[in-house]
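The structure under discussion appears below in the form of structure tokens.
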Ligand SMILES: Nc1nc2c(ncn2[C@@H]2O[C@H](COP(=O)(O)OP(=O)(O)OP(=O)(O)O)[C@@H](O)[C@H]2O)c(=O)[nH]1
Ligand SMILES: Nc1nc2c(ncn2[C@@H]2O[C@H](COP(=O)(O)OP(=O)(O)OP(=O)(O)O)[C@@H](O)[C@H]2O)c(=O)[nH]1
Ligand SMILES: [Mg+2]
Ligand SMILES: [Mg+2]
């Protein structure tokens, strides 16, 4: 699948050999292939269109470089623009201490696992992490977090009786302070962005705990829906970052570009497996090649 | 078989509303024009239909538009809906019971797609239909996966065979099969651990579960369903392709369609693999499982109801 895309793009770009200047006309075929590539990588329709327009503007009028095929030149421009967009903002967490992090997202996106992963990471960096279980809905969600917290030796608080999520958050915060923790993570239930009751709930939780970071945890294979999800969560909560999970699969991850374009919030971490160690800081260049499905072409240009 | 169909209809209407909301603007009584065709293209792409299905629908609507410049939005919607229905023809499938012994259904899928919840919802549905059902907690890997299914079993008052985290999943499947047979259960629903299709060692574990089930009944498992998260995009097709190749999938359940995503990727799966769609997941409650209907789905996408 990846290969055929690269092939298609290369053949569309081959037609550009021998032209002196890039124009709207001579780039049309290539850009159409790029659009298809973006759409089949699950980049949102509108985001793909805007991206193509931007690339076109950047290309038109450029002299074709000597020693580089014009197609490759376009690929480089596309890649650079994508890397720039994806990499905007810092992938560092807030330096506040104690650091309070609220984890939110759709069902099954990887919030609980990522909470433990982040706790583990910050522990390695010398923090004293503490996790608070605020998912009172999913069966055994609290058990899941508690098991992971034990395994990683993180502080833990939850309440298996109460259904009052903001109160659980506040009590968890107090427990974390009492334990002298300086990195406190709040794991929340999966929720749909259109579920107004649950969105209200997490807003109230935010009011009570006043987090320094509000991270949207999104499945790397998310489809066009990513835009609606990100926008609604951002409008409701004011996101500060994104964690993209399950990148150990072969999803192209175009949703990340959609989310980034819609919210502007930086992508901070990526999940690369089920184990708590499978977690990485975010590198825009890797994701860009993945979305375009043409790492080989890009490296070709780099060498030229 | 589902005498309770009416009850579930309410759940589906939620989806209908969510889906048609998107297309209502285009598919009004107005005449179609170039800009509404573009909006239509956008609506189709943003439903995750992918390139092939989107182009097919667009081509038909465009040629109808060429023939009749006064084509109304509603007519265009009807065309779109009928193309979709045609593409999906044959994709519905009713759950059938094996002639003898427990009918074994294995739930398979990538991490977090909704296998455990679907296992519970399906068990509840069958129980409402008067069947006896047993659950098998074969996710022995993820933290508290066993506890999650156990919590469901308690809530729905269903028998369950479970071991501890770290136990051999195939051994649990074996015990569950024996227990289901001994009890004369109509159904055994096997929940498995989430696994990405790209990990071949984890695919081997599924094959082992199947071998063990077959020791008890050579015709088992009767159903191997891929549970697909309806909010995912084109990767669902790749998932289905690989799971089908390595395990022989017999059907699909599409979950999380109570949101605003329209799960269009299933159309791509159907086109390519012809795997029937048994159920749609429409929420986290036991009753939020709906038999799939190509007609309802096609109508819902285009808001033609
Ligand atoms: N392969 C892979 N699996 C992951 C990754 N992150 C999480 N998972 C798995 O995805 C599934 C869902 O993860 P959870 O952490 O339970 O997701 P959640 O968002 O807390 O789910 P809810 O609380 O139900 O909304 C589990 O099987 C995890 O092991 C990842 O980066 N790669
Ligand atoms: N809104 C909605 N949520 C769902 C649906 N089906 C499952 N969920 C939620 O999605 C999350 C993941 O569901 P699980 O059943 O744990 O998924 P799984 O495939 O068993 O996950 P792993 O075992 O970790 O791979 C949970 O929060 C469920 O409540 C659905 O149809 N609609
Ligand atoms: Mg969770
Ligand atoms: Mg599960």
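Chains as they are written, first to last, in the working numbering: chain B, 451 to 754; chain G, 282 to 586. Ideal Cβ placement from N, Cα and C applies to all residues, glycine included.
Is the separation between the beta-carbon of residue i and that of residue j shorter than 9 Å?
i                      : j                      : result
residue 626 of chain B : residue 591 of chain B : no
residue 676 of chain B : residue 705 of chain B : yes
residue 463 of chain B : residue 522 of chain B : yes
residue 473 of chain G : residue 450 of chain G : yes
residue 556 of chain B : residue 707 of chain B : no
residue 689 of chain B : residue 554 of chain B : yes
residue 342 of chain G : residue 357 of chain G : yes
residue 575 of chain G : residue 372 of chain G : yes
residue 515 of chain G : residue 490 of chain B : yes
residue 493 of chain B : residue 501 of chain B : yes
residue 441 of chain G : residue 417 of chain G : yes
residue 524 of chain B : residue 487 of chain B : no
residue 268 of chain G : residue 601 of chain B : Nothing about residue 268 of chain G can be reported from this structure: the residues present for chain G run from 282 to 586 only.
Does any heavy atom of ligand 2 sit closer than 8 Å to the C-beta of residue i?
i                      : result
residue 679 of chain B : no
residue 483 of chain B : no
residue 516 of chain G : no
residue 708 of chain B : no
residue 578 of chain G : no
residue 423 of chain G : yes
On the three-state DSSP scale, how would you describe residue i?
i                      : result
residue 568 of chain G : coil
residue 550 of chain B : strand
residue 489 of chain G : helix
residue 466 of chain G : coil
residue 471 of chain B : strand
residue 375 of chain G : coil
residue 583 of chain G : helix
residue 594 of chain G : The structure shown does not extend to residue 594 of chain G, since chain G is modelled only from 282 through 586, so no value can be given for it.
residue 583 of chain B : strand
residue 471 of chain G : strand
residue 557 of chain B : coil
residue 313 of chain G : coil
residue 417 of chain G : strand
residue 737 of chain B : helix
residue 554 of chain G : helix
residue 512 of chain G : coil
residue 453 of chain B : Bear in mind that a pLDDT of 49 at residue 453 of chain B, under 50, signals an unreliable position, so the model cannot answer this.
residue 684 of chain B : helix
residue 408 of chain G : helix
residue 288 of chain G : Per-residue confidence for residue 288 of chain G stands at a pLDDT of 40, beneath the threshold of 50, marking its modelled position as unreliable; no derived number is given.
residue 385 of chain G : strand
Which residues bound the beta strand (DSSP E) around residue i?
i                      : result
residue 616 of chain B : No beta strand (DSSP E) holds residue 616 of chain B; the alpha helix (DSSP H) holding it covers 615-628.
residue 438 of chain G : Run containing residue 438 of chain G: none; DSSP gives neither H nor E here.
residue 695 of chain B : 691-695
residue 534 of chain G : 532-536
Quick one: list the residues of chain C neighbouring residue i, beta-carbon separation under 8 Å, in chain order.
i                      : result
residue 734 of chain B : The chain labelled as chain C is not found among the protein chains of the depicted structure, namely B and G.
In the DSSP assignment, the alpha helix (DSSP H) including residue i goes from what residue to what residue?
i                      : result
residue 421 of chain G : Residue 421 of chain G -> no alpha helix (DSSP H), and no H or E assigned at all.
residue 646 of chain B : 646-659
residue 564 of chain B : 561-574
residue 667 of chain B : No alpha helix (DSSP H) holds residue 667 of chain B; the beta strand (DSSP E) holding it covers 663-669.
residue 526 of chain G : 516-528
residue 390 of chain G : First-last for residue 390 of chain G: undefined, no H or E at that position.
Using CA atoms only, rank isn't needed, just tell me which of the options is closest to residue i.
i                      : options                       : result
residue 632 of chain B : B:654, B:661 and B:614        : B:661
residue 579 of chain B : B:607, B:589 and B:593        : B:607
residue 686 of chain B : B:719, B:646 and B:723        : B:646
residue 432 of chain G : B:526, B:587, B:609 and B:595 : B:587
residue 566 of chain G : G:483, G:487 and G:395        : G:395
residue 655 of chain B : B:617, B:709, B:670 and B:679 : B:617
residue 557 of chain G : G:452, G:368 and G:350        : G:368
residue 536 of chain B : B:722, B:725, B:712 and B:729 : B:712
residue 723 of chain B : B:505, B:694 and B:507        : B:694
residue 540 of chain G : G:508, G:463 and G:328        : G:328
residue 727 of chain B : B:566, B:623 and B:621        : B:566
Say yes only if the C-beta of residue i is nearer than 8 Å to one or more non-hydrogen atoms of ligand 1, and no if none qualify.
i                      : result
residue 561 of chain B : yes
residue 695 of chain B : yes
residue 392 of chain G : yes
May I ask whether a heavy atom of ligand 4 can be found less than 8 Å away from the beta carbon of residue i?
i                      : result
residue 446 of chain G : no
residue 510 of chain G : no
residue 429 of chain G : yes
Would you say residue i touches ligand 3, meaning its beta carbon is less than 8 Å from a heavy atom?
i                      : result
residue 325 of chain G : no
residue 637 of chain B : yes
residue 698 of chain B : no
residue 668 of chain B : no
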